[in-house]
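One structure below.
Numbering (my numbering), first residue to last: 213 to 517.
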């Protein structure tokens, strides 16, 4: 490469001859100088960045940590107050569930006092551990309460307290009475509900249908097992609405009134057995919400045998 250098008046001039090697060395030298200058600017900039405080000094770092600890302490105080309210609620619910609140607790209450004047990481760690333990205890208490309340609810749902026929009074009650066929004193093993043929009959409680067949005395018969050795019988039916093996819910229609079997007229004969022994169904029905209607004249109803 040829380079001509002249003065401003073009009176004198000088000619330089640059080979390819010399030109390459010159360009490389310029690049090296530029890189060194750029690196120097970066270094000075980083020193200035640290100098203005992007990296906190020891005092600034301590202040930031203390501010965070104070925020955590306030939050822990709020959580502790809410946890105390939950514990008080658990005590009240325990009483409603029939549990002694003292028996439902794994241990007593307590924990370290956290104040703004004694803020240390170790203190906060201990406080968090204590709150975690109290939370676990309350979870255990709530689990016991849930189990007890659910058990009570299921027990009530499985007790035959639902009126099997709505809007109808009672005929013959449970106990000794003159047999309508023979006139002799005989035990009536259930309750009679006089009603028209086809009147819907509902389950007195939830359970499993364990029998659906014809009996010479009961006529068309349904038996429902409610667990806890409790069975209900529905006799003299004209029509089945469920079958053996069906799971039944409380109040579900299961059959219709009839006069099949040993009967003098259309009615439902309803029995409750506990461990195979006849019980007075009124004792169960009175536990329900529907009051027992007054008895009717004993002219159109009969015991099933």
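The beta-carbon is built from N, C-alpha and C at its ideal position, and this holds for glycine as well.
- Message: Assuming residue 159 is part of the alpha helix (DSSP H), what are its boundary residues?
- Response: Residue 159 falls outside the range modelled here, since the chain spans only 213 to 517, and no answer is possible.
- Item | Status (buried if at least 16 other CB within 10 Å, exposed otherwise) for residue 352 | Residue mapping note: residue 352 aligns to position 140 of the chain shown, counting from 1. So residue 352 ends up on the exposed side.
- Message: Out of 392, 388 and 369, which one is the CA nearest neighbour of residue 399?
- Response: Against the chain shown, residue 399 aligns to sequence position 187. Of the candidates 392, 388 and 369, the one whose C-alpha sits nearest the C-alpha of residue 399 is 388.
- Query: Can you round the beta-carbon distance between residue 372 and residue 496 to whole angstroms, since I take them to be within the 8 Å contact cut?
  - Reply: Counted from its first residue, the chain shown places residue 372 at position 160. Counted from its first residue, the chain shown places residue 496 at position 284. Residue 372 to residue 496, Cβ: 5 Å. Contact.
- Cβ pair count under 8 Å reaching 3, the stretch 462 to 477 against the stretch 409 to 417: Per the Cβ contact rule, the stretch 462 to 477 is in contact with the stretch 409 to 417 (3 or more Cβ pairs under 8 Å).
- Grab the span of the beta strand (DSSP E) containing residue 465 for me, first residue to last. Indexing the chain shown from 1 puts residue 465 at position 253. Bounds of the beta strand (DSSP E) holding residue 465 are 465 to 469.
- Task: Could you check what DSSP says for residue 424 in three-state terms: helix, strand or coil?
- Result: Position 212 of the chain shown, counted from the first residue, corresponds to residue 424. Residue 424: strand per DSSP, three-state reduction.
- Of the listed residues 403, 426 and 429, nearest to residue 493 (C-alpha basis): As a first step, residue 493 is located in the chain shown; it is residue number 281 there, counting from the start. The shortest C-alpha separation from residue 493 is found at 403.
- Alpha carbon of residue 297 to alpha carbon of residue 337, nearest angstrom: Mapped onto the chain shown, residue 297 falls at position 85. Mapped onto the chain shown, residue 337 falls at position 125. For the pair residue 297 and residue 337, the Cα-to-Cα distance works out to about 22 Å.
- Identify which residue in 407, 499, 452 and 447 has its Cα closest to the Cα of residue 381. Numbered from its first residue, the chain shown carries residue 381 at position 169. In terms of Cα proximity to residue 381, the closest of 407, 499, 452 and 447 is 407.
- Task: Look up residue 388 in the DSSP assignment and give the residues it is bridged to.
- Result: On the chain shown, residue 388 is found 176 positions in, with the first residue counted as 1. Under DSSP, residue 388 takes part in a beta bridge, and its partners are 399.
- In three-state terms, what does DSSP make of residue 434? In the chain shown, counting from the first residue as 1, residue 434 sits at position 222. In the structure shown, residue 434 adopts extended strand secondary structure according to DSSP, grouped into three states.
- Task: Please report the Cβ distance between residue 435 and residue 442, rounded to the nearest whole angstrom; I am assuming they are in contact, meaning their Cβ atoms lie under 8 Å.
- Result: As a first step, residue 435 is located in the chain shown; it is residue number 223 there, counting from the start. As a first step, residue 442 is located in the chain shown; it is residue number 230 there, counting from the start. With a Cβ gap of about 11 Å, residue 435 and residue 442 do not count as contacting.
- Query: Using DSSP with H/G/I as helix, E/B as strand and the rest coil, what is residue 355?
  - Reply: Position 143 of the chain shown, counting from 1, holds the residue named residue 355. It is helical.
- Query: Hey, how far is the Cα of residue 346 from the Cα of residue 277?
  - Reply: Reading the chain shown from its first residue, position 134 is the one you call residue 346. Reading the chain shown from its first residue, position 65 is the one you call residue 277. Each residue's Cα considered, the two are about 27 Å apart.
- Query: Considering only residues of the same chain and omitting the five flanking positions on each side of residue 295, which have a CB-CB separation below 8 Å?
  - Reply: Working through the chain shown from its first residue, we reach residue 295 at position 83. Only 343, 346, 347 and 350 meet the Cβ criterion.
- Grouping DSSP H, G and I as helix and E and B as strand, with all else coil, what is residue 411? The sequence position of residue 411 within the chain shown is 199, counting from 1. Residue 411: coil per DSSP, three-state reduction.
- Mapping DSSP to helix, strand and coil, what is residue 286? On the chain shown, residue 286 is found 74 positions in, with the first residue counted as 1. Three-state result, residue 286: helix.
- Message: Short of 7 Å in beta carbon distance, which residues of its chain neighbour residue 180, apart from the five on each side in sequence? Order them along the chain.
- Response: Only positions 213 to 517 of the chain appear in the structure, and residue 180 is not among them; the question remains open.
- Query: residue 483 and residue 401 look like a contact to me (Cβ under 8 Å); what is the Cβ gap, rounded to whole Å?
  - Reply: Residue numbering aside, residue 483 sits at position 271 when the chain shown is read from its first letter. Residue numbering aside, residue 401 sits at position 189 when the chain shown is read from its first letter. Contact between residue 483 and residue 401 holds, with the beta-carbon distance rounding to 6 Å and staying under 8 Å.
- From the DSSP output, in three-state form, read off residue 461 for me. Translated into the one-based positions of the chain shown, residue 461 becomes position 249. Of the three classes helix, strand and coil, the one that applies to residue 461 here is coil, per DSSP.
- Task: Check each candidate in 279, 478 and 385 and name the one with the smallest Cα separation from residue 448.
- Result: As a position in the chain shown, residue 448 is number 236, starting the count at 1. The shortest Cα separation from residue 448 among 279, 478 and 385 belongs to 478.
- Item | Between the CA atoms of residue 386 and residue 518 - distance to the nearest angstrom | With the chain running from 213 to 517 in the structure shown, residue 518 is simply not present.
- Under 8 Å between the Cβ atoms of residue 456 and residue 423? Within the chain shown, residue 456 is the residue found at index 244, counting from 1. Within the chain shown, residue 423 is the residue found at index 211, counting from 1. Going by C-beta atoms, residue 456 is nearer than 8 Å to residue 423.
- Query: Per DSSP, residue 483 is paired with what?
  - Reply: Here residue 483 is taken as the residue at index 271 of the chain shown, counted from 1. Paired residue(s): 445.
- Message: Nearest by alpha-carbon distance to residue 299: which of 433, 357 and 284 is it?
- Response: For this step, residue 299 is matched to residue 87 along the chain shown. Ranked by how close their Cα comes to the Cα of residue 299, the residues 433, 357 and 284 have 357 in first place.
- Mapping DSSP to helix, strand and coil, what is residue 301? On the chain shown, position 89 is the one that residue 301 refers to. The three-state secondary structure of residue 301, taken from DSSP, is helix.
- Less than 8 Å separating the beta-carbons of residue 405 and residue 383? Numbered from 1 along the chain shown, position 193 holds the residue referred to as residue 405. Numbered from 1 along the chain shown, position 171 holds the residue referred to as residue 383. In contact: residue 405 and residue 383 (Cβ atoms closer than 8 Å).
- Query: What does residue 281 pair with, by DSSP beta-bridge criteria?
  - Reply: Position 69 of the chain shown holds residue 281. Residue pairing from DSSP leaves residue 281 without any beta-bridge partner.
- Task: Going by CA-CA distance only, name the one from 410, 359 and 291 that's closest to residue 469.
- Result: For this step, residue 469 is matched to residue 257 along the chain shown. Of 410, 359 and 291, the residue nearest in Cα terms is 410.
- Task: Would you decide whether residue 374 is buried or exposed? Buried here means 16 or more other CB atoms lie within 10 Å of its CB.
- Result: Against the chain shown, residue 374 aligns to sequence position 162. By the Cβ neighbour-count rule, residue 374 is buried, with 16 or more other Cβ atoms within 10 Å of its own.
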